[in-house]
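Read left to right, the sequence shown gives residues 339 to 596 (my numbering). Don't be surprised by glycine CBs; every beta carbon is placed ideally from N, CA and C. These notes are about the structure you will find just below.
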Amino acid sequence: MKRLMFFLMILTFFSGCVKFGEYYAGLTKQPNISEADVQSGLNVYGIIKTGPAIDVKNHYFEVQRILFVWGDYDSLYVNNADVSLTRVPLSGIVENYELKSGGCTYSNNAIQTAPGDRWFYRCSYDTFIVTASCLVPNEPQLSDLVVRADSGLVDLSISPDSTAFMYNVYLLSDSTHSYIEKKIPVKGVETDYRIKLDWDIRGKMLVLFVFAYDKNLEKYYTTSNIFFKPNAFRPYFSTVDGGYGTFGAVSSTMVILQ
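Structural data, given as structure tokens:
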């Protein structure tokens with residue numbers, strides 16, 4: 339009986355008022371959705387990137403349709419939308435870019451940007467218009483970096499920055515070994531990492547990437563339900579106007595460690 343009570347207590351702690359099957363497998367309490375309940379529109383995904391480790395071809399833009407799918411369909415991707423960007427730099431002239439479709443994604447290799455730039459996004463397709471804006475974060479600045487190759491420890495600190503809302507740290511030494519860790523910074527405080535690598539880095543080159551994300555991407559990655567749960571309903575999520583999805587910016591810093 340004690341074991342049963344303990345199990346029920348743990349189950350209540352993790353699932354609360356949600357039924358066990360819904361919480362863990364998405365099997366119950368699903369809304370009864372019909373075609374009339376689905377609001378047609380566009381789901382967009384766009385990222386502006388800057389930094390020494392990022393070239394212009396890594397800007398990424400995607401447009402999809404929102405459909406009520408029951409049966410066969412061709413594709414959710416939209417490859418004939420009109421997508422344009424406007425860059426407003428800290429100094430200099432305003433620049434406009436038209437993006438061309440290359441199948442599932444849109445691009446323009448002439449795009450140039452820098453930290454502090456304000457970007458405006460516009461996508462139109464059929465009767466739908468999606469707009470958004472973002473501010474390019476400053477490149478992450480390391481205030482401290484110590485590598486202890488014998489023990490595989492890497493300690494680093496990122497200086498406080500009000501334009502960065504999330505950090506991702508990547509450590510690479512070859513094609514088979516890598517480390518990734520995400521952190522949400524506390525405003526006005528250094529963001530510290532203590533990393534214990536599970537491979538031998540003695541005598542090997544180690545490459546460090548630090549990526550700073552703007553508030554749109556931080557909100558999208560930490561709030562939207564991107565975790566797969568079978569048969570589970572996922573409500574719409576957006577950081578854009580007139581549709582769904584996100585448009586944001588990321589900046590990077592790269593350090594090569596011998």
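Runs of the beta strand (DSSP E) lying entirely within the segment 443-522 and spanning at least 3 residues, in chain order: 443-445, 456-463, 466-473, 480-486, 491-496, 504-512 and 515-521. The DSSP-derived three-state label of Asn381 is strand. Residue nearest to Leu595 within the set Tyr531, Thr451 and Lys542 is Lys542 (criterion: CA-CA distance). For Tyr551, the enclosing beta strand (DSSP E) begins and ends at Leu544 to Tyr551. Annotated as distal: Ala419 and Tyr383, with beta-carbon spacing of 8 angstroms or more. Each residue's CA atom was taken as its position, placing Ser511 and Ser378 some 46 angstroms apart. In the structure shown, Lys557 adopts helical secondary structure according to DSSP, grouped into three states.
Residues of the same chain with a CB within less than 8 angstroms of the CB of Phe399, apart from the 5 flanking positions on each side, are Val382, Tyr383, Gly384, Ile385, Val421, Leu437, Thr443, Tyr444 and Ser445 in chain order. DSSP, read as helix, strand or coil, puts Asn417 in coil. Judged by beta-carbon spacing, Cys461 lies within the 8 angstroms limit of Val401, meaning their Cβ atoms are closer than that value. At a Cβ-Cβ threshold of 8 angstroms, Glu519 and Pro498 do not count as neighbours. Segment contact: the segment 541-555 against the segment 469-485, three or more CB-CB distances shorter than 8 angstroms; contact assigned. For Asp536, DSSP records no beta bridge to any residue. Under a 10 Å Cβ-count criterion, Trp537 is classified as exposed, with fewer than 16 other Cβ atoms of the shown protein chains found around its own Cβ.
With at least 16 other beta carbons inside 10 angstroms of its own, Leu380 counts as buried. Between the C-alpha atoms of Ser489 and Met504 there is a straight-line separation of about 28 angstroms. Rounded to the nearest angstrom, the Cβ distance from Ser576 to Pro453 is 25 angstroms, too far for a contact under 8 angstroms.
Taking a 10 Å sphere around the C-beta of Gly526, we find fewer than 16 other C-beta atoms and assign the residue as exposed. The straight-line gap separating the alpha-carbon atoms of His515 and Leu509 is approximately 8 angstroms. As the crow flies, the alpha-carbon of Gly430 is around 19 angstroms from that of Gly389.
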